[in-house]
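*Asks:* The structure follows.
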Amino acid sequence: MTEHDATNTSDSIDAPEELHRFLTAYRPTSVSEENWALIADDAVQLVLRAGALTRLRVEKDIQLLGAVVAHLIERGRPVTLDEALSDVTLLSFDTSLEVGEKTKENKRGITRRLQAVHRGLPWRAEKRSPEARTDNLVAHTEVDTMHRILGHAHAMVDDAEGVAFIAAISAAREARRGQGAGPGASAHDWTSAREFAGRYGWNMTQRLLKACVTHETLNTDQPLAIVIRDYGLSRRDLDLGFTRVRDLPDVPVPSHHDLLRGPA
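For the sequence shown, position 103 matches number 122 in this note's numbering, and the numbering has no gaps at all.
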């Protein structure tokens, strides 16, 4: 089968057995059958593993591998899959292409994917669902824990670790407002503050504390645009608000209903 034959269609064009038949019959016009036989079996197996099983995808992949093999032969290089997908070969192949930049970038994407799959590497990070991304954020309920422990600290004015905990919260809030160095300003005090939090089962880290004071900021009555401006909030900071949205009931409770409707 030549590259011109690749345009044939059938009712089962994307069926796995049809794709395998197409790939095993494929012969690039610019490579002799003898040379293609050196790499054909490995190339077919790679293409079948390298993405969605569609005729369009496998056709583009096998055609590009054929072009890379032709490039190897022109330069007197060994015809193997390792050689075809080496960094040196792909750079040389890319440089030799006389096509538009958009086409070249498309070919680069294919070669990067084939190379990654050949090396047993993930070629594309799995997309996380919105729920999974939210689950990795510090929940707004951690603020309640912080406030509870802060209450204990204020009730224990002679406790050095409690004093350090209060100071750490104050420093984090000042840092959030851009007025201080944050909880890492004093390593000794930070350690004492963590030990106080640990008494109440709270593993306080700087990431956790920063997120908590950011949650406090997001929960103010000011318009969000003003809060963003005054507190220098980033997109990551704003994402924390999704943890509150996640916990909303499917049907608004009366207080939410009134808030959404506004005053009568």
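Ideal placement from N, C-alpha and C gives every residue a C-beta, glycine not left out. Keep in mind the model is a prediction, meaning the values are calculated, not measured.
1) How many Å lie between T108 and I129 at the Cα?
2) When you compare only the Cα positions, how much space is there between D113 and C231?
3) Whole-angstrom Cβ separation of D266 and L156, contact assumed at under 8 Å?
4) How many angstroms separate the CA atom of E145 from the CA atom of V264?
5) In its own chain, which residues sit with a C-beta less than 7 Å from the C-beta of S211, not counting the 5 before and 5 after it?
6) Ignoring anything shorter than 4 residues, give me the alpha helix (DSSP H) runs that lie fully in the stretch 117 to 145, in order along the chain.
7) From L83 to E36, what does the alpha carbon distance come to, in whole angstroms?
8) Nearest-angstrom Cα distance between A244 and K121?
9) Is it buried or exposed, H173, if we count other Cβ atoms within 10 angstroms and call 16 or more buried?
10) Given this structure, state the Cα-to-Cα distance separating L252 from H166, to the nearest angstrom.
11) When you compare only the Cα positions, how much space is there between F261 and G197?
12) Roughly how far, in whole angstroms, is the beta-carbon of L133 from the beta-carbon of L104, given that I think they are within contact range, below 8 Å?
13) From which residue to which residue does the alpha helix (DSSP H) around S211 run?
14) Please classify H159: does DSSP put it in a helix, a strand, or coil?
15) So H137 and L100 are supposed to be a Cβ contact under 8 Å. How far apart are they, rounded?
*Replies:* Checking against the coordinates, here is how it stands:
1) Locating residue 108 in the sequence shown gives position 89, where the first residue counts as 1. Locating residue 129 in the sequence shown gives position 110, where the first residue counts as 1. Their Cα atoms are separated by approximately 14 Å.
2) Indexing the sequence shown from 1 puts residue 113 at position 94. Indexing the sequence shown from 1 puts residue 231 at position 212. Approximately 49 Å, taken between the alpha carbons.
3) Here residue 266 is taken as the residue at index 247 of the sequence shown, counted from 1. Here residue 156 is taken as the residue at index 137 of the sequence shown, counted from 1. So it is not a contact: roughly 12 Å between Cβ atoms.
4) Counted from its first residue, the sequence shown places residue 145 at position 126. Counted from its first residue, the sequence shown places residue 264 at position 245. Any reading at E145 needs caution, since the residue's pLDDT is 49, under 50, leaving its predicted position unreliable; the model's value is listed next. Roughly 24 Å separates the two Cα atoms.
5) By one-based count along the sequence shown, residue 211 stands at place 192. Closer than 7 Å at Cβ, skipping near neighbours: A179, E180 and A183.
6) Listed in chain order, they are 120 to 137.
7) On the sequence shown, residue 83 is found 64 positions in, with the first residue counted as 1. On the sequence shown, residue 36 is found 17 positions in, with the first residue counted as 1. For L83 and E36, the distance between alpha carbons rounds to 21 Å.
8) Taking the sequence shown and counting its residues from 1, the one referred to as residue 244 is at position 225. Taking the sequence shown and counting its residues from 1, the one referred to as residue 121 is at position 102. For A244 and K121, the distance between alpha carbons rounds to 39 Å.
9) Position 154 of the sequence shown, counting from 1, holds the residue named residue 173. Its Cβ having fewer than 16 others within 10 Å, H173 is exposed.
10) By one-based count along the sequence shown, residue 252 stands at place 233. By one-based count along the sequence shown, residue 166 stands at place 147. Going by C-alpha positions, L252 is about 22 Å away from H166.
11) Here residue 261 corresponds to residue number 242 of the sequence shown, with the count starting at 1. Here residue 197 corresponds to residue number 178 of the sequence shown, with the count starting at 1. Approximately 24 Å between the Cα atoms of the pair.
12) Numbered from 1 along the sequence shown, position 114 holds the residue referred to as residue 133. Numbered from 1 along the sequence shown, position 85 holds the residue referred to as residue 104. So it is a contact: roughly 6 Å between Cβ atoms.
13) To locate residue 211, count along the sequence shown from 1; it is residue 192. A206 to R218 is the span of the alpha helix (DSSP H), which, as asked, contains S211.
14) Reading the sequence shown from its first residue, position 140 is the one you call residue 159. Of the three classes helix, strand and coil, the one that applies to H159 here is coil, per DSSP.
15) Residue 137 sits at position 118 when you count from the first residue of the sequence shown. Residue 100 sits at position 81 when you count from the first residue of the sequence shown. 6 Å between Cβ atoms; contact.
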